[in-house]
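Worksheet: the structure to be examined is printed underneath.
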Amino acid sequence: MTVVAVGLLAVVLVGAATRPRNLPEATAAIPAALVVLATGLLAPQQAWDEVRELGPTVGFLAAVLVLAHLADAEGVFRWAGGLLARHAAGSTPRLFALVVLAAAATTAVLSLDATVVLLTPVVLDTARRLGARPAPHAFACAHLANSGSLLLPVANLTNLLALQASGLTFLGFAGLMVLPQLAVLVVEYLGLRLTFRGDLATPAQAADGDDEVPVPRVALAVLAATLLGFAAASPLGIEPVWVAVVGAAVLATRTLATRRTRLRDVVGSASPLFCLFVLALGVVVAAVTERGLGDLVAGLLPTGTSFAALLGLAAIAAVLANLVNNLPATLVLLAALGPTPAVGAVLAVLIGVNVGPNLTPVGSLATLLWRRVLAARGVPAPLGTFTVAGLATVPLGVVAGTAALWLTLAVTG
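Position in the sequence shown counted from 1, then plus 7, gives you the numbering used here.
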């Protein structure tokens with residue numbers, strides 16, 4: 008039965024990676040979850056417990072995707088592209104540095120999906136308009152969508168799972184991850200600068216008046232208020248999903264009233280089929296974990312919170328993310344850590360599953376989506392280039408992030 012469970016997981020992951028005939032990821036995941044139930048790989052109550060546990064996380068994902076769509080409809084990303092163009096002042100290296108910062112900020116506040124789907128096209132258009140080569144800026148968006156998601160719990164589904172497992176508050180999580188995030192950002196910037204030094208040597212043009220976009224004050228205010236709401240609600244025991252729902256509802260009221268978007272587009276932006284995919288994937292991963300993978304992984308994990316132990320956890324998490332994708336890897340690893348894991352262990356795993364996927368194109372669903380965004384705009388993303396960029400950033404990024412986490416834990420006790 009273990010072989011069947013692993014085979015079902017493989018079918019789900021291959022289906023999500025290849026999307027034959029452009030079918031949604033849920034096409035393979037939902038039947039696989041039904042097979043899990045039909046064959047007794049997982050009892051119905053166990054499957055329901057998994058769905059119920061993932062429910063708030065998936066609900067949050069849907070709300071943030073809607074919020075990102077509304078922000079885009081309000082012109083937030085066009086305004087950001089104008090800022091990038093103007094402040095680059097004709098310097099390609101400066102444009103690259105600004106893209107790194109913009110991608111990190113977008114990922115932290117609106118999640119990695121917003122960086123991939125909404126910011127990446129704006130960055131590509133900005134680079135082309137200024138005569139800069141698109142590759143460094145495109146890869147910066149991909150890398151920072153993953154490794155730039157360490158700071159805030161709302162940046163990544165993996166973070167929300169880690170937040171739940173660790174028992175930390177929103178601000179407690181952010182406080183422990185500030186230094187690791189900064190360390191990883193430095194590595195990403197330097198590693199990508201080195202990888203794309205030839206492209207970045209190409210001069211760019213200065214921006215013209217066409218880059219002037221009105222400041223979307225209302226949308227920015229709602230986003231800021233939502234972010235503050237996450238921080239304020241966490242100590243009160245209020246799930247982040249409800250704060251995101253309120254923020255999306257407030258902004259939707261204005262955006263729909265001004266006809267900047269349509270109701271069906273708002274509903275579609277929640278990606279209901281992708282949300283079902285995540286729930287079905289959780290059921291399949293639970294079956295694989297129940298059938299022996301969890302015990303196998305648990306036996307490999309180091310114990311303690313020494314630097315060596317934390318680095319071992321992060322390294323195993325990075326490898327597993329590239330083998331089975333980072334979301335299943337997170338589910339398996341958190342289950343293997345047990346019901347009351349050490350906070351340091353959970354956050355070390357998070358560094359591995361968030362930074363590690365930049366090594367291969369199949370490490371995260373966001374990277375797969377990023378490749379489709381580039382293909383739609385005729386921008387190549389060769390496997391060789393992706394691998395070189397990954398080797399220049401991932402190993403050192405995992406080490407630097409883990410070292411910063413260990414130092415933070417040592418100082419804070």
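The C-beta atom is built at its ideal place from N, Cα and C for all residues, glycine as well.
Check whether the Cβ atoms of residue i and residue j sit closer than 8 Å, and answer yes or no.
i    : j    : result
G359 : L308 : no
N166 : L357 : yes
L1   : S278 : The requested residue 1 does not occur in the structure, where the chain is confined to residues 8 to 420.
L105 : A294 : no
A152 : A373 : yes
L15  : V43  : yes
L303 : V83  : no
V386 : L131 : yes
L334 : L288 : yes
L117 : A259 : no
T233 : V248 : no
E60  : T262 : no
L330 : P187 : no
V252 : A12  : no
N332 : G301 : no
A134 : P141 : yes
L178 : S241 : yes
T9   : G299 : yes
A214 : R93  : yes
G89  : V220 : yes
G205 : L74  : no
In this structure, does DSSP put residue i in helix, strand or coil?
i    : result
V369 : coil
G422 : Since the first and last residues shown for the chain are 8 and 420, residue 422 lies out of range.
A35  : helix
S276 : helix
V331 : helix
R271 : helix
P160 : helix
R378 : helix
L48  : coil
P364 : helix
I245 : coil
E81  : coil
P402 : helix
A349 : coil
L265 : In the sequence on display, residue 265 carries Thr and not Leu. Looking at T265 - three-state DSSP - the assignment turns out to be coil, as it is neither helix nor strand.
L340 : helix
A388 : coil
T415 : helix
G174 : coil
G420 : coil
R59  : helix
L30  : coil
Give every residue of the same chain whose Cβ lies closer than 7 Å to the Cβ of residue i, excluding the five residues on either side of it in the sequence, and list them in chain order.
i    : result
A211 : A95, G97, S98, T99, L102, L137, G138 and A139
R379 : none
S154 : V191, E195, N361, V362, N365 and G404
A324 : A336, L340, V356, G359, V360 and G363
V350 : S173 and L175
L414 : L186
A24  : V369 and L375
Looking only at its chain, what residues have a beta carbon closer than 6 Å to the beta carbon of residue i, apart from the 5 residues adjacent to it on each side?
i    : result
V257 : V229
A316 : P309
T296 : V339 and A342
A17  : none
V285 : V65
T268 : A80 and T262
So, at 8 Å on beta carbons, what are the nonlocal neighbours of residue i in its own chain, with the 5 sequence-adjacent residues on each side left out?
i    : result
L341 : L168, A169, A172, P348, V353 and V356
Ordered list of beta strand (DSSP E) runs contained in the region 180-228, each at least 3 residues: none
Any contact between the region 32-40 and the region 336-352? By contact I mean 3 or more CB pairs, one from each, below 8 Å. no
For the region 366-378 and the region 391-407, state whether three or more C-beta atom pairs, one from each stretch, are separated by less than 8 Å. yes
Any contact between the region 154-166 and the region 199-209? By contact I mean 3 or more CB pairs, one from each, below 8 Å. With the cut-off at 8 Å, the region 154-166 and the region 199-209 do not touch.
Just to confirm the assignment: which complete alpha helix (DSSP H) runs, minimum length 4, are found wholly within the region 85-154? 99-117, 127-136 and 142-154
Let me know the beta strand (DSSP E) ranges lying completely inside the region 287-321, each 3 residues or longer, listed in chain order. none
Taking 8 Å as the cut-off, does the region 111-128 touch the region 142-160 (at least 3 CB pairs, one atom from each stretch)? yes
Check whether the region 400-411 touches the region 172-180, taking contact to mean three or more Cβ pairs, one atom from each stretch, closer than 8 Å. no
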